[in-house]
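In the working numbering, the protein residues as written are 4 to 403.
Glycine included, each C-beta is placed from N, C-alpha and C at the ideal position.
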């Protein structure tokens with residue numbers, strides 16, 4: 004019986020093992036930590052954002068700043084609909100939330116972890132934890148995997164280690180080219196009077212742009228201890244991960260808190276002024292923002308909160324609208340988004356055959372997951388890439 008060694012007990016490694024033919028292969032998963040599937044556990048705030056309800060591969064690849072061209076063929080073979088079916092065939096009910104993110108009905112990542120552990124057990128997969136891989140040596144027809152628990156021989160190696168520098172160095176030593184790692188999906192550190200002490204204030208739809216890079220994104224946004232976060236920020240951080248690393252996370256961002264063109268906002272303001280002349284500006288609900296935020300906008304615009312709406316001059320109105328629709332902030336650093344750390348960079352995609360995720364450099368060697376130079380915006384997309392890549396590997400090996 005042929006031996007398969009899977010290095011890395013995360014999403015891609017376990018999904019691959021769960022789809023391999025146990026009559027054909029003896030499968031061993033080597034995981035350096037004491038627990039497997041750690042990222043699955045913390046994903047989606049512990050609920051596990053399994054995938055995203057986007058069922059058209061052409062549309063799906065638009066969510067991947069790096070890897071979009073290569074993933075198109077992968078997603079035509081296995082996409083979020085297939086992921087849902089795979090789990091439902093194992094009696095795991097999934098649900099699509101309003102923002103199209105897919106979660107288990109149980110709202111617990113443990114459901115997903117248990118599914119993988121059960122599948123691994125059914126297929127007699129040998130899972131070794133606290134097993135640190137030191138070196139991989141290419142023998143004539145096999146690989147020798149040297150670990151803290153001794154040496155393992157493999158006919159096939161599946162490399163799903165995640166993007167730690169150590170694992171990238173190891174695959175580089177085998178001849179693969181590595182694209183430098185930079186963080187992706189991070190929040191922006193901003194010190195500004197407008198944001199001070201407004202932790203937790205959120206905006207249903209905001210627009211962000213980095214004028215220098217001509218990049219715009221929109222989505223929900225929130226004020227944090229450090230500055231700004233939420234999808235409108237995370238998306239722009241992912242798409243511009245490499246450029247933002249180059250400028251050492253010091254740049255200017257423009258924010259439209261209400262997602263309205265300044266002329267449209269002015270029209271709303273004028274109409275409110277006509278119909279509510281005697282209201283004080285501090286108590287006026289003209290735009291969809293919280294009272295605290297509205298009052299802060301007025302403060303930084305030097306407007307007396309007790310002034311009647313009718314008394315607001317054209318110049319004062321322009322200042323308010325500029326702060327609401329075209330507020331410029333200086334970003335002075337980044338904070339990693341929770342524990343769901345994602346990196347851009349990794350194994351050069353030119354060296355991978357995306358028909359089956361095999362290495363073009365090494366025979367009988369497959370690569371999947373975050374160790375590749377592929378990353379996505381937040382919303383279940385990074386996991387979907389893992390499931391799809393791992394499925395292709397399993398199919399390829401099952402058909403040998």
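Among the options, nearest to residue i - alpha-carbon criterion
{"i": "residue 111", "options": "222, 48, 352, 38", "result": "48"}
{"i": "residue 103", "options": "305, 309, 54, 190", "result": "54"}
{"i": "residue 8", "options": "191, 396, 214, 29", "result": "29"}
{"i": "residue 402", "options": "121, 26, 269", "result": "26"}
{"i": "residue 248", "options": "191, 109, 164", "result": "191"}
{"i": "residue 36", "options": "260, 275, 96, 165", "result": "165"}
{"i": "residue 31", "options": "324, 325, 150, 78", "result": "150"}
{"i": "residue 315", "options": "273, 336, 217", "result": "273"}
{"i": "residue 77", "options": "93, 87, 291, 60", "result": "60"}
{"i": "residue 136", "options": "303, 196, 148, 321", "result": "148"}
{"i": "residue 380", "options": "63, 303, 6, 4", "result": "63"}
{"i": "residue 123", "options": "339, 336, 16, 65", "result": "16"}
{"i": "residue 162", "options": "362, 399, 391", "result": "362"}
{"i": "residue 72", "options": "356, 399, 400", "result": "356"}
Cβ-Cβ separation, residue j to residue i (assumed contact under 8 Å), whole Å
{"i": "residue 188", "j": "residue 237", "result": "5 Å"}
{"i": "residue 241", "j": "residue 378", "result": "7 Å"}
{"i": "residue 255", "j": "residue 214", "result": "7 Å"}
{"i": "residue 289", "j": "residue 301", "result": "Not really, about 11 Å apart at Cβ, beyond 8 Å."}
{"i": "residue 394", "j": "residue 159", "result": "That pair is no contact at about 16 Å."}
{"i": "residue 181", "j": "residue 70", "result": "Not quite, the Cβ-Cβ distance comes to about 15 Å (not below 8 Å), so this is no contact."}
{"i": "residue 291", "j": "residue 179", "result": "Actually they do not touch by this definition, with Cβ atoms about 50 Å apart."}
Alpha-carbon to alpha-carbon, residue j and residue i
{"i": "residue 118", "j": "residue 176", "result": "35 Å"}
{"i": "residue 382", "j": "residue 235", "result": "12 Å"}
{"i": "residue 144", "j": "residue 157", "result": "9 Å"}
{"i": "residue 121", "j": "residue 373", "result": "24 Å"}
{"i": "residue 258", "j": "residue 172", "result": "39 Å"}
{"i": "residue 384", "j": "residue 265", "result": "34 Å"}
{"i": "residue 46", "j": "residue 14", "result": "11 Å"}
{"i": "residue 333", "j": "residue 209", "result": "17 Å"}
{"i": "residue 108", "j": "residue 305", "result": "49 Å"}
{"i": "residue 368", "j": "residue 154", "result": "17 Å"}
{"i": "residue 39", "j": "residue 12", "result": "5 Å"}
{"i": "residue 91", "j": "residue 97", "result": "7 Å"}
{"i": "residue 152", "j": "residue 293", "result": "57 Å"}
{"i": "residue 287", "j": "residue 277", "result": "13 Å"}
{"i": "residue 170", "j": "residue 246", "result": "25 Å"}
{"i": "residue 142", "j": "residue 366", "result": "11 Å"}
{"i": "residue 114", "j": "residue 88", "result": "16 Å"}
{"i": "residue 307", "j": "residue 297", "result": "12 Å"}
{"i": "residue 193", "j": "residue 75", "result": "37 Å"}
{"i": "residue 322", "j": "residue 66", "result": "36 Å"}
{"i": "residue 339", "j": "residue 186", "result": "8 Å"}
CB of residue i within 8 Å of CB of residue j, strictly
{"i": "residue 130", "j": "residue 34", "result": "yes"}
{"i": "residue 58", "j": "residue 82", "result": "yes"}
{"i": "residue 116", "j": "residue 44", "result": "yes"}
{"i": "residue 360", "j": "residue 370", "result": "yes"}
{"i": "residue 388", "j": "residue 22", "result": "no"}
{"i": "residue 312", "j": "residue 280", "result": "yes"}
{"i": "residue 269", "j": "residue 324", "result": "yes"}
{"i": "residue 260", "j": "residue 327", "result": "yes"}
{"i": "residue 239", "j": "residue 204", "result": "no"}
{"i": "residue 252", "j": "residue 126", "result": "no"}
{"i": "residue 224", "j": "residue 231", "result": "yes"}
Boundaries of the beta strand (DSSP E) in which residue i is found, first to last residue
{"i": "residue 209", "result": "205-213"}
{"i": "residue 255", "result": "253-259"}
{"i": "residue 97", "result": "97-99"}
{"i": "residue 183", "result": "181-187"}
{"i": "residue 351", "result": "No beta strand (DSSP E) holds residue 351; DSSP gives it neither H nor E."}
{"i": "residue 218", "result": "218-226"}
{"i": "residue 157", "result": "153-157"}
Run of the alpha helix (DSSP H) containing residue i, from where it starts to where it stops
{"i": "residue 286", "result": "Premise fails: residue 286 is in no alpha helix (DSSP H) and is neither H nor E."}
{"i": "residue 266", "result": "265-278"}
{"i": "residue 4", "result": "No alpha helix (DSSP H) holds residue 4; DSSP gives it neither H nor E."}
{"i": "residue 85", "result": "83-91"}
Cβ of residue i within 8 Å of any chain D Cβ
{"i": "residue 73", "result": "Considering every chain present, this structure includes no chain D. It has just one protein chain."}
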